[in-house]
Structure formats: structure tokens, C-alpha cells
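If you read the sequence shown in the numbering used here, its first letter stands for residue 874, the second for the next number, and so on. By construction, the Cβ of each residue, glycine as well, lies at the ideal position given by its N, Cα and C atoms. Since this is a predicted model, take the numbers as computed values, not measurements.
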Amino acid sequence: MAALTLTDLSRRTGVSPRALRFYEARGLLAPLRLNNGRRLYAQADAARLLQILALKRAGFSLDRIAALLRQTPDNLAGVIGAQRDQLRQERDQLDQALAALTAALGELNRGTALSLDTLCRLIREGDRRMTQAAWQSVYDRYYTPEQQAEWRAAKQAMADGLDLDAYNAKWKELTDRIEAALPLDAGSAQSAAFLAEWRVLQQPMNDTLGPLIQRDPIRLFDRMAEWQDMVSPPFSAAVWAWAKAASAAQPVSG
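Here's what the structure looks like:
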């Protein structure tokens, strides 16, 4: 493809000329400038623009995008792969919802009452979508779009090396046992045993999420009373209070 003028690139991508000039002013794009001041955008510039827009949609600030592009200037495959994976996940979720609605309409059109199986599917799909929306409203209350994008990227990296269903099941099993044992002396041997299990499960998050795990979840769970009526927390406020007290009473050695 021959180089494109600013007008041509805007027309073919849908990105306004004003936005293209703005990205250039911020140092994100650097098209060839002719002697007459005319801009020419080559294939590399279009690839760069795709990366900028993908990161912007993910919630990153322009300063953060600039830093990321300096670190991985040619990670076009990674950007496209992440977009593809996100679309696949959204498509799978929509397919499940559409299948449930189609089955329900089929039964109603045949003049029959909805079967128990169909009703359960509708309830499950509706509840899942409402839960996703509710959690998003919680995230939007406490975290900026950039922070949410950092979490999504970090969690995806963690998911690549873990069976998340099995991992989440282990967390639930542990927190259920802790809940059943409350109240607990934070410095007791039983608390120490539970805390050791807690730290083992937390280690993959520490390894992958780094400072995020020290910053964001603590702030979120410290304010659980503000949002626990909107969504179901992964554990109770009492378990969280125990975890903080036990961690303070029995800090990691070394």
C-alpha cells in the first residue's frame, strides 16, 4: 500500500484528522513530513495507530500508551491477539445468551410452557450478565479506566499459567473453612495454619500482579460495606477482617 495523506488515512480508518494531529503532537505518531508540511502515513504508521487505539479502548492514558509503546514498539501481534481473544469471549457469551433465548422462543411458539431446563438457562444467563454489569459498576466506582486496564492485562497473564476454575474453587473452599471457624485469635496456631494456606494461594497473584495486589484489593475490600449489597463478595467482611489481623499478627519472616 502506498503512503496515505492525513485526509486519506482519516477517511479509510474513521479517525478524525484532529485526532491524528493530536496523537502526533503527543509524540505517539510521527508521519513523514514533506517540505510543504504535508503528512504521509506509511504502513508502520497505520500499525502504530492500531496499537494506540487498542490501548486507548482498553482504558490506558496517553502517557501510559507512550510508555508502553516505548517498551514494546512492535507488539502488533500481541495487540491484535488480545482484541481477538476479547471478541471471542464476548461472542461466546452472546452465543450462550442467544441459545437460551432461542430455546425459550421456540417453546413459546409451539404453545408450550417453558421447560424447567429452559427456565434455568434463562435465569443463569440473565444472572451472569447482571452480575457482570454489577461488578463493572463497582469497579467504575473505585478504579480509573487505566487501573482497570492494568488489572485486565495482569489477570490475563496470570490466567495463562493457571486453571482459574480450580484456583477459584480452592479459594472458596479455604474461605468457607475460615468462615466456619470464626471467631479466631489472630495469633493462634489455627490462624497461622489458615494464613499459611492463604499465602500459598495468594502467591500466584503476587508473582503476576505485583504491586497491584498490594494496592487495589485492599482498598476495595476495606470498603466492602459500601458495595456488598450490589454484588456477592468472594468472602465475608469477617473473613477479610481476620485476614488483615492475622497478617499483622504473623508477618512474613525474612
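Task: The beta strand (DSSP E) enclosing Y914, as first and last residue numbers - done: By 1-based counting over the sequence shown, the position of residue 914 is 41. Its beta strand (DSSP E) spans residues 912 to 914.
- [ ] Return the chain-ordered list of same chain residues with a C-beta closer than 6 Å to the C-beta of F1108, the five sequence neighbours on each side being excluded.
- [x] Along the sequence shown, one-based indexing puts residue 1108 at 235. Around F1108: T1048.
- [ ] Determine the closest residue to A1022 out of R937, Q969, R921, with distance taken between C-alpha atoms.
- [x] Here residue 1022 refers to the residue found at position 149 when the sequence shown is read from its first residue. Distances from the CA of A1022 to each of R937, Q969, R921 were compared; the closest alpha carbon is that of R937.
TODO: Assign R921 to one of two classes, buried (16 or more other C-beta atoms within 10 Å of its C-beta) or exposed (fewer than that).
DONE: Position 48 of the sequence shown, counting from 1, holds the residue named residue 921. Under this definition R921 is a buried residue.
- [ ] Work out the CA separation of P1124 and A1118 for me, nearest whole Å.
- [x] By 1-based counting over the sequence shown, the position of residue 1118 is 245. By 1-based counting over the sequence shown, the position of residue 1124 is 251. Each residue's Cα considered, the two are about 10 Å apart.
Task: T1017 (DSSP reduced to helix, strand or coil) - done: As a working note, residue 1017 is residue 144 in the sequence shown. Note: T1017 maps to coil in three-state DSSP.
Open item on the list: Rounded to the nearest angstrom, what separates K929 and R891 at their Cα positions?
Closed with: In the sequence shown, the residue the question calls residue 929 occupies position 56. In the sequence shown, the residue the question calls residue 891 occupies position 18. The alpha-carbon atoms of K929 and R891 are separated by roughly 16 Å.
Open item on the list: With the cut-off set at 8 Å, would you say A1122 and A1059 are in Cβ contact?
Closed with: For the purposes of this step, residue 1122 is identified with residue 249 of the sequence shown, where counting begins at 1. For the purposes of this step, residue 1059 is identified with residue 186 of the sequence shown, where counting begins at 1. Less than 8 Å divides the Cβ of A1122 from the Cβ of A1059.
Task: Backbone secondary structure at L907 - three-state DSSP - done: Locating residue 907 in the sequence shown gives position 34, where the first residue counts as 1. L907: coil per DSSP, three-state reduction.
- [ ] Could you say if the region 1036 to 1050 and the region 1066 to 1082 meet the contact criterion of at least three C-beta pairs nearer than 8 Å?
- [x] Yes, they touch.
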